[in-house]
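Here's the structure, in structure tokens; my notes come after.
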Amino acid sequence: MQKSVLVIGSEGQIGTELCDALGVQGNRVIRADIRLQTDEAKLHYQLDATDKEAIERIVEEHDIEVVYLMAAMLSATAEKHPQKAWELNMQSLLHVLDLAKEKKIKKLFWPSSIAIFGPDTPKKNTPQETVIHPSTVYGISKRAGEMWCAYYHSVFGVDVRSLRYPGIISYKTAPGGGTTDYAIEIFKSAKGQGRYTSFIEAQTITPMIYMSDAITATIALMEAPVESITVRTSYNLDGLAVSPQKLEEEIKRHLPDFKVDYATDYRQAIAASWPESINDELARSDWGYTIYTDFQRLVQEMLTHIE
Ligand SMILES: NC(=O)c1ccc[n+]([C@@H]2O[C@H](COP(=O)([O-])OP(=O)(O)OC[C@H]3O[C@@H](n4cnc5c(N)ncnc54)[C@H](O)[C@@H]3O)[C@@H](O)[C@H]2O)c1
22 MQKSVLVIGS EGQIGTELCD ALGVQGNRVI RADIRLQTDE AKLHYQLDAT
72 DKEAIERIVE EHDIEVVYLM AAMLSATAEK HPQKAWELNM QSLLHVLDLA
122 KEKKIKKLFW PSSIAIFGPD TPKKNTPQET VIHPSTVYGI SKRAGEMWCA
172 YYHSVFGVDV RSLRYPGIIS YKTAPGGGTT DYAIEIFKSA KGQGRYTSFI
222 EAQTITPMIY MSDAITATIA LMEAPVESIT VRTSYNLDGL AVSPQKLEEE
272 IKRHLPDFKV DYATDYRQAI AASWPESIND ELARSDWGYT IYTDFQRLVQ
322 EMLTHIE
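Dropping the structure here:
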């Protein structure tokens, strides 16, 4: 059945592809972002996600049932603007949680991140429930958001669902200031200049997934029957074990002259504080999380499509 869905942060790396996928599924997709978009064929609003009344107007005008809140300030940018990051990441979430509490929308998706984990979290096979002491502004806002989601679910019965996304690799829309952005830049440089200077150390591994797998997981979670959802903070999701060195080696199989050198910056400490692999048993058993794109295929796809 056709649903009216609102995607806030629709022009970002994930939002653009999520909107397309929701549209293909037959939903009526309303896009909203602080950035204007140029394709007039798409139903789009310029919206500040911290303005609750403006969100509410769109929800009422279009009989919105489901909201995907993708607007946020990401990890690297948030370290430079802590106050703004906290305000955007928290206020926008509380506004949509309140709309769900007031029964103005039926369901809500809000992404968390592996950035909630800190340096004292077990690095390998990180459990769903473990030591969670985020060391970044972004991680703090995501962990606080998770707790708000669980609170609104248990106290007000709000159907809010969430994933701890790993780093997401894609070619359609440029990434928005995250620590794992290097894993996209590297492909652009490989095809362009034939060399790349990495701001992350060669052997620092972080879990990452290809965009199509992130979108499939998001939609699978949102379509799962309510009784199968057992995690109301946010589900752990594992990814492929990616490091600059592994990317360099795989890219070289396609472009043998490609070279990477290193000039690490403040983002190295952020990446080093995150897990290398994640235990995502619950996501797999509750609603069937699967990674379809393996590392070799991901590299091949990126080299084929990135401009
Ligand atoms: N991309 C990743 O690797 C990754 C990993 C983990 C979690 N996430 C989370 O997924 C979500 C989407 O991430 P993304 O990579 O698409 O981010 P992005 O930065 O590419 O996109 C965010 C979008 O939000 C918009 N926006 C910013 N401030 C706004 C405001 N005040 N009002 C309305 N719109 C505003 C931006 O213009 C942008 O289009 C975020 O919550 C992010 O924390 C992303």
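Counting from 1 along the sequence shown, just add 21 to a position and that's the residue number in the numbering used here. All C-beta atoms, glycine included, are put in the ideal place defined by N, C-alpha and C. These numbers come from a predicted model, not from an experiment.
- Query: Curious, which full-length beta strand (DSSP E) runs of at least 3 residues does the stretch 258–304 contain?
  - Reply: 261–263, 280–283
Taking the beta strand (DSSP E) that valine 247 belongs to, which residues open and close that run? No beta strand (DSSP E) holds valine 247; DSSP gives it neither H nor E.
DSSP on isoleucine 226, reduced to helix/strand/coil?
coil
- Task: Figure out for me which residue from Gly215, Leu120, Thr151, Leu95 has the closest Cα to the Cα of aspartate 72.
- Result: Nearest C-alpha to aspartate 72: Leu120.
Buried or exposed for histidine 116, please, with buried defined as at least 16 other CB atoms from any protein chain shown within 10 angstroms of its CB. buried
Quiz prompt | Near ligand 2: alanine 304 beta-carbon under 7 Å from a heavy atom | solution = Ligand 2 is absent from the structure shown, which contains only ligand 1.
Span separating the alpha-carbon of glutamate 74 from that of valine 50:
20 Å
TODO: Could you check what DSSP says for aspartate 138 in three-state terms: helix, strand or coil?
DONE: Per the sequence presented here, residue 138 reads as phenylalanine, with aspartate not at that position. Secondary structure at phenylalanine 138: coil, using DSSP grouped into helix, strand and coil.
> By how many angstroms is the C-alpha of isoleucine 76 removed from the C-alpha of leucine 68?
Replying inline: 7 Å
*To the nearest angstrom, how far is it from the Cα of leucine 109 to the Cα of aspartate 278?*
43 Å
request  = Quick one: give me the first and last residue of the beta strand (DSSP E) that arginine 185 is part of.
outcome  = 184–186
Task: Cβ contact (3+ pairs, closer than 8 Å) linking the stretch 278–292 and the stretch 197–206 - done: yes
Starting from the Cα of glutamine 34, find the closest Cα among Lys280, Arg318, Ala235 and give me that residue.
Ala235
Flag this pair as touching only if the stretch 189–199 and the stretch 137–144 have three or more C-beta atom pairs under 8 Å; answer yes or no.
-> no
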